[in-house]
Amino acid sequence: MKYRAIGENHLYQKTYARGMKAVTKTVVMYCLRDYAAAKLQKAHPQNKRVNRVGLTVTKKIGGAVTRSRVKRILREGFRRLDTETPLKTGFLIVLVARDAAVDAKSTDIYADLKYAVKKLGMAEGMPFPPKEAQGKPKPKKKPASTT
RNA sequence: AGACUCCCCCGGGCAAUCGCGCGGUAUCAAGCCGAAAGGUCUUACCGUGAGGAAAGUCCGGGCUUCCGGGGAAAGGAUAACGGAUAACGUCCGCCGGUGGCGACACCCGGGAAAGUGCAACAGAAAUAAACAGCCGAACGGCGCGGUUCUCCGCGUAUCGUGGUGAUGGUGGAAAGGUGCGGUAAGAGCGCACCCAUUCGUAUGGCAACAUACGUCUGCUGUAAACCCUAUCCGAAGCAACACCUUUGCGGUUCACCCCCGUAGAUGGCGGUUCUGCCGUCAUCGCCGCAAUGGUGGCACAUGAAUGGAGAAAUUCAUCGUGGAGUCCUGCAGUAAUGCAGGAUAGAGAUAGAUGAUUGCCCUCGACAGAACCCGGCUUACAGGGGGAGUCUGUUU
RNA sequence: GGAGAAUUACUCAAGUGGUGAAGAGGCGCCCCUGCUAAGGGUGUAGGUCGGGUAACCGGCGCGAGAGUUCAAAUCUCUCAUUCUCCG
277 MKYRAIGENH LYQKTYARGM KAVTKTVVMY CLRDYAAAKL QKAHPQNKRV
327 NRVGLTVTKK IGGAVTRSRV KRILREGFRR LDTETPLKTG FLIVLVARDA
377 AVDAKSTDIY ADLKYAVKKL GMAEGMPFPP KEAQGKPKPK KKPASTT
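Spelled out as structure tokens, the structure:
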């Protein structure tokens, strides 16, 4: 499974500001419906909708080695989650590592992400704006505009 | 056996399943994004995939650009001596100094007698003599006495000239040290021994230098203060820079340390000292700037054979090249290293590739992630292995 | 990735080889007021360790550690942290 990475800083800023948020011990998950999802779908040869994923691991976490390792673990956890329980597509997803992620295993990340997905209602077949993730009024508008 | 010293090497391993970057082949291929250049999606297989420090960015070099070349000035770097190297502030050897019983370790280790500056506080005084003190009647003065013609004697150190140099609680540093002589008092003033130092000679060494003898001198410290001497250095850095794409703008004989060189051509108009020169405008060429996005820089190349559907792969070859790369052997050298022969090769990302799960083993795993490439230095580091050597103890 | 700059009390900071490291804000105490604020006065060992009943005295302290010097916040070297610029 390939993921498109988020490269532009403004998309990160937008996701932090307007996206839905779920906090766990090891990781914080932000989700925002992607404006460019339709465009990307056209570009995709299989005409699939893809989520764009971004990882944030700050310098506070540690040196280059530990940060690199945290990124790998996050990636592995997310990959396993996505293969086992397919997510909704067409979203910007940003995963922010917390201090506890340094000592975590990928299974811990998997468990936390699973909880976060459940809370945000991101899994396939769930009602989209979940009651718990009340989000600011803005994300509510998005489904209408994108479709 | 114990305690040490130096040098070198390693930096968890194996298996199964899932997963990631890059290269290749097949497949998807029509597509999609974009103004263009260009980019990109699927799956399978094969190959390949972080360090000794990849780090700090402290030195040196390659590479690239800054119109080019030469010179000057300024500025910077280095510092015993000899060698190694592409180069270095690195390395090796050696000399001197310091530490250690020793193997060894450490040292920004030129010049203070070219000049300038600085040395707080304390101290009489900080490189220079003065002050206090000590010395004494040689001279002048003063006093007393004698004698009488400008003299003599004695006294006076609380009058001046004078002699003297280390005595003066200090201080980091006070002008060699000790002893004897010497003197009015004293002082290398003289002598003996010792210390340091200049120059010369001899011996050893390529040399720094060492030893011996003679000779001169007795000089504060600071150059990680300015400086002097010798040697070296243009500056900026891959976010450099090159090319492509689309668009806009400017320059075209100018060069602000000096000298030399430099892309103009054609036509119109005007001026003029008219085969020409000057000014101005246009076109083409040339040069440059800004913006947009992209590629390269950036990870060997070419040929042949085997192989197979075709590739990868394997083998072989090479002015070159990555890469002044690494390893082995031989020779030269005390060594760093060099020469010759042979072998080995293979990361290349761009939110940035090595992970997860399970099992087994051991010494139970530290510091830590390439970002243009090399040579060093410095700093961080669990533990393990190998080699050489020193000291102490015991036994023979 | 590359190029630079800075670090001195709780905060802002001066000091660039020499006694005892300026100054301001803050903080403590006093005055003023019925009570506050504002204002005025005065003090703050500038941290820490040791000694002393106390007043006070001594040692080390200018991000950390070495070095040069008689003497270092200041000069040199090696680290650490923070900030700025280059696309």
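So the first sequence is numbered by the numbering used here: it starts at 277 and just counts up by one.
Glycine included, C-beta positions come from ideal geometry on N, C-alpha and C.
Exercise. What are the boundary residues of the beta strand (DSSP E) that isoleucine 369 is part of?
Worked result: Against the first sequence, residue 369 aligns to sequence position 93. Looking at the DSSP string, the run of the beta strand (DSSP E) that includes isoleucine 369 is 367 to 373.
Exercise. What's the gap between the Cα of alanine 380 and the Cα of threonine 342?
Worked result: The count along the first sequence starts at 1 and reaches residue 380 at position 104. The count along the first sequence starts at 1 and reaches residue 342 at position 66. Near 12 Å, if we compare the C-alpha coordinates of threonine 342 and alanine 380.
Exercise. Between alanine 392 and leucine 331, what straight-line distance do the alpha-carbon atoms span, to the nearest angstrom?
Worked result: Within the first sequence, numbered from 1, the residue matching residue 392 stands at position 116. Within the first sequence, numbered from 1, the residue matching residue 331 stands at position 55. So the two alpha carbons sit approximately 15 Å from each other.
Problem set entry | Local Cβ density within 10 Å of threonine 334, reported as buried at 16 or more and exposed below that | Within the first sequence, numbered from 1, the residue matching residue 334 stands at position 58. With fewer than 16 other Cβ atoms within 10 Å, it is exposed.
Problem set entry | Where the alpha helix (DSSP H) containing alanine 387 begins and where it ends | Here residue 387 refers to the residue found at position 111 of the first sequence. 382 to 396 is the extent of the alpha helix (DSSP H) around alanine 387.
For this session: Determine the contact status of valine 329 and alanine 377, defining contact as a CB-CB distance below 8 Å.
Result: Reading the first sequence from its first residue, position 53 is the one you call residue 329. Reading the first sequence from its first residue, position 101 is the one you call residue 377. Between valine 329 and alanine 377, the gap from beta carbon to beta carbon reaches 8 Å or more.
For this session: Would you kindly work out how many angstroms separate the C-alpha atoms of tyrosine 288 and aspartate 310, rounded to a whole number?
Result: On the first sequence, residue 288 is found 12 positions in, with the first residue counted as 1. On the first sequence, residue 310 is found 34 positions in, with the first residue counted as 1. C-alpha separation (whole angstroms): 12 Å.
Exercise. What are the start and end residues of the alpha helix (DSSP H) that includes glycine 353?
Worked result: Within the first sequence, the letter at position 77 stands for residue 353. Here the alpha helix (DSSP H) through glycine 353 covers 340 to 360.
Exercise. If you draw a straight line from the C-alpha of isoleucine 369 to the C-alpha of isoleucine 282, how long is it?
Worked result: Locating residue 369 in the first sequence gives position 93, counting from the first residue. Locating residue 282 in the first sequence gives position 6, counting from the first residue. Answer to the nearest angstrom: the Cα atoms are 9 Å apart.
Problem set entry | Sequence-distant residues of the same chain with beta carbon closer than 7 Å to leucine 363, five excluded per side | Within the first sequence, residue 363 is the residue found at index 87, counting from 1. Cβ neighbours of leucine 363 beyond the five flanking positions: Asn327, Val393, Met398, Ala399, Glu400.
Exercise. How long is the line joining the alpha carbons of arginine 355 and cysteine 307, rounded to whole angstroms?
Worked result: Along the first sequence, one-based indexing puts residue 355 at 79. Along the first sequence, one-based indexing puts residue 307 at 31. Between arginine 355 and cysteine 307, the C-alpha separation is close to 16 Å.
Exercise. How many angstroms separate the CA atom of glycine 353 from the CA atom of aspartate 388?
Worked result: Counting from 1 along the first sequence, the entry for residue 353 is found at position 77. Counting from 1 along the first sequence, the entry for residue 388 is found at position 112. Whole-angstrom Cα-Cα distance: 9 Å.
Exercise. What number of angstroms, rounded off, separates the C-alpha of threonine 359 from the C-alpha of tyrosine 386?
Worked result: Indexing the first sequence from 1 puts residue 359 at position 83. Indexing the first sequence from 1 puts residue 386 at position 110. Roughly 11 Å separates the two Cα atoms.
Problem set entry | Residues near glycine 411 in its chain [Cβ-Cβ closer than 6 Å; skip 5 each side] | Within the first sequence, residue 411 is the residue found at index 135, counting from 1. With a pLDDT of 37 at glycine 411, under the threshold of 50, the modelled position of that residue is not reliable, and the figure given next carries that caveat. Hits under 6 Å: Met296.
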